[in-house]
Structure formats: structure tokens, C-alpha cells
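J.: One structure follows; several queries about it will come next.
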Amino acid sequence: MHGVRRQKKQTDLSQDQRQKEQTKIRDYRSVVDDLLERNQNDVYDQISFDLTTKALQLNPELYTAWNYRRKILLRGLFPNSTQVTVHNLLLSDLNMTTVFLKSFPKVYWIWTHRRWCLDNIPSGPGGSEDGKEDITWRREAWERELMLVEKMLSMDARNYHAWNYRRLALSFLPPDSVVPHSRDSELAYTKKKIEANFSNFSAWHQRTKFMGSGPFVGGEKEMAAEFDLVNQALWTDPADQSSWLYHRFLISKTNNEPDIIRREMTLLRDLHDLEPEAKWPMDTLVYYASILIHSSSTDVEERVRLKSDAEGWLDRLEVVDEGRKERYRAIKTGLN
């Protein structure tokens, strides 16, 4: 429930511990009540700002406190402050959220406030001789963000919030940043994460964002390398969905080229023979067979053979994945 701090179960607590816990709850509610009243009355002073700090230290998931804190900064503290003071206030908030993220790495409100701070950091302390805008502060802030996200991903490589935030940080880095942020550097980074754990769905997803939906930038060589990478993952763990979705993504980048699909289906048939009860090899074989069945490049003989194979895989899927039986029956109808 929003606004209510999570509490430990009190079943086995001593009387003294229960009293301390009740005191904490009363103190927290008192802080929140005071905060809500000040917010309702549009009070945007330093005392209110400090109150939001106290409330958030007690409960970083209290989104009302985050919203109120931003209003205090915008309407109460920033207007009469120098650029240096604004910069320092925002750096302080970034430091505070860094502490919170160590214990609450997936709380949306903390990430939102962090993004807001970065969006409002002044560009820099002044102009330059050539008349261009000084972006020293902003560049340094986003470079620090990337390093922070890197540390978070080293602790939890599948943190979806951190991966999304990494894309954001990369997009805000200026061209002259000392931090590598090219397409090639990010593909190398995601490959390292994927090879460390083929089940890292977020790393596969990040990779699709930098590969893009169009033709392979690196041509045939890049395409071959991508299929090698994903096929290694498929054979390592046929039950993991992440790599199967990436395989389909790669096929889509070829515009469902029939010859490439046929080549990949040959490999997947071998995997299916090795793991006859695995769901994803059969599911993917059916998916690709359906594409070829409806392709103008497929002759009658091949179409009949593919339809027969697909129906056999679907019959088996109804057994090994009984919960989706109706889905498989619908797919079978669509093969005609």
C-alpha cells in the first residue's frame, strides 16, 4: 500500500521490541501527516524540504514525498539560488538516491527522481571563448550515472530498471565524452553480460535496441556472429526463453529470408532431436515453419512436408505445455 512503510512480522517480537516498533510507526505517521498538510497548504520552505528528507529516509517508496520535494525545489529553493547552489542541491539529492538504490534498486520513484535531478542540473559554470554552451556539469553528471549503473549491473546483471537507465544515460552523453558509448562498445558490453549468463533477458533486450530493426550494419559478418552467439545460448539452455526471442529478432532483421530460416531450422531440428521434450525448440520450429508455409518461395512439396512437421510439433506441445493447449490448436488451424 502506498504511503505505508513495510513492517516486520511482530509474531515473535518481545514486548520491548513491539513497543519500539509501535513508536517507530507513530513517529513515521506523524512525519507523513505533517508532510501532507504542508503539501496541501503549498508550503515550500527549507523546513518542508528537510521533512521530505526525513520521510524518505523512513520510507523511500513514499512517492508523495518525492513529488512534494520536487515542488519545493522548483518553487521554493531554486528561484532565489545561484546556479552553483542549484547544482549542489541536485548533487546532494543524487547522492541521497544512490544510498537508497543500494537497498531499493527497483523502486520506480527513486529512479524517477534521479532522472529529474539530472534533467535539471545546470549545463555548466559559464560560457566558453568560442561562444558555445558550457556543458561541464551536465556531462560529468551523466558520466557518473553510467558508472553507477555499471556498478549496479555488476551486482544484479538482470536489473531491468538499471538497463533502461543505462540506455538513457548513453543517449545523454555528448559526442566528446571520455566514456565509450558507441554502438560497437555497447554491443561488446552486452555480449560480455550475455556470455556471463545466457539467461540475462535484460542484456538480450538491450542488445536488440542497439542492433536496431533494420539491416545488419556490419553486413554478413555481423549477422553470422549474432547467429553464432544466440545458437550457443540455445544449445546451452534450450529451456530459457530469452535467447529464443533474440533468435526470432535476428530472423526478423533478415526480413524473414526463407533460405536463412531453412538453414536455422536445420540446426533447430538437431537440437529438438537432442531435447525432444523441450518446449522452445518445437515452438520456434512451428513459428518458422508457418512463415515458410505462407511464403511464395515455398513449393507445394515443401509446404506439405512443413505442415505435417508443424502439426506433429503442435500435437507434442499440447502434451508438454498443456496449459496453452488452445493456443497450439489455434496455430494449427492457421497453418491451412
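When we follow my numbering, the leftmost residue of the sequence shown carries the number 93, and every step to the right adds one.
For each residue, glycine too, the CB sits at the ideal point set by N, CA and C.
#1: Spatial neighbours of Gly223 within its chain, please: CB distance less than 7 Å, with the 5 preceding and 5 following residues excluded, ordered by chain position.
#2: Report the residue ranges of all beta strand (DSSP E) runs contained in full by the segment 309–395; include only those spanning at least 3 residues, in chain order.
#3: Give every residue of the same chain whose Cβ lies closer than 8 Å to the Cβ of Glu235, excluding the five residues on either side of it in the sequence, and list them in chain order.
#4: Ignoring anything shorter than 4 residues or poking outside the segment 157–235, list the alpha helix (DSSP H) runs there in chain order.
#5: Please name the residue, chosen from Thr346, Trp229, Asp332, that lies closest to Asp375 on a Cα-to-Cα basis.
#6: In the DSSP assignment, the alpha helix (DSSP H) including Leu262 goes from what residue to what residue?
#7: Hey, could you find the ends of the alpha helix (DSSP H) Gly426 is sitting in?
#8: Count Cβ pairs between the segment 246–256 and the segment 191–204 that sit closer than 8 Å; are there 3 or more?
#9: Contact check, Trp296 vs Leu260 under 8 Å by CB: the rounded distance?
#10: With a 10 Å radius around its C-beta and 16 neighbouring C-beta atoms as the bar for buried, classify Pro217 as buried or exposed.
#11: With DSSP run on the structure shown, which of helix, strand or coil describes Ser291?
#12: Between the segment 146–158 and the segment 115–134, can you find at least three pairs of beta-carbon atoms closer than 8 Å?
T.: In short, the structure shows the following:
#1: Below a pLDDT of 50, predicted positions are generally treated as unreliable, and Gly223, at 46, falls in that range; no measurement from the model is reported.
#2: Segments of the beta strand (DSSP E) lying fully in the segment 309–395: there are none.
#3: Result list for Glu235: Leu265, Ser269, Val270, Val271, in chain order.
#4: Taken in chain order, the whole alpha helix (DSSP H) runs of length 4 or more contained in the segment 157–235 are 175–195, 200–212.
#5: When Thr346, Trp229, Asp332 are compared, the shortest CA-CA separation from Asp375 is found for Asp332.
#6: For Leu262, the uninterrupted alpha helix (DSSP H) run begins and ends at 252–264, by DSSP.
#7: Run containing Gly426: 417–426, per the alpha helix (DSSP H) assignment.
#8: With a cut-off of 8 Å, the segment 191–204 and the segment 246–256 count as touching, because enough Cβ pairs lie within range.
#9: Their Cβ separation, rounded to whole angstroms, is 19 Å, which puts Trp296 and Leu260 out of contact at 8 Å.
#10: By the 10 Å Cβ count, Pro217 comes out exposed.
#11: Here Ser291 sits in coil by DSSP.
#12: The way I'd put it, the segment 115–134 does touch the segment 146–158; three or more beta-carbon pairs between them come closer than 8 Å.
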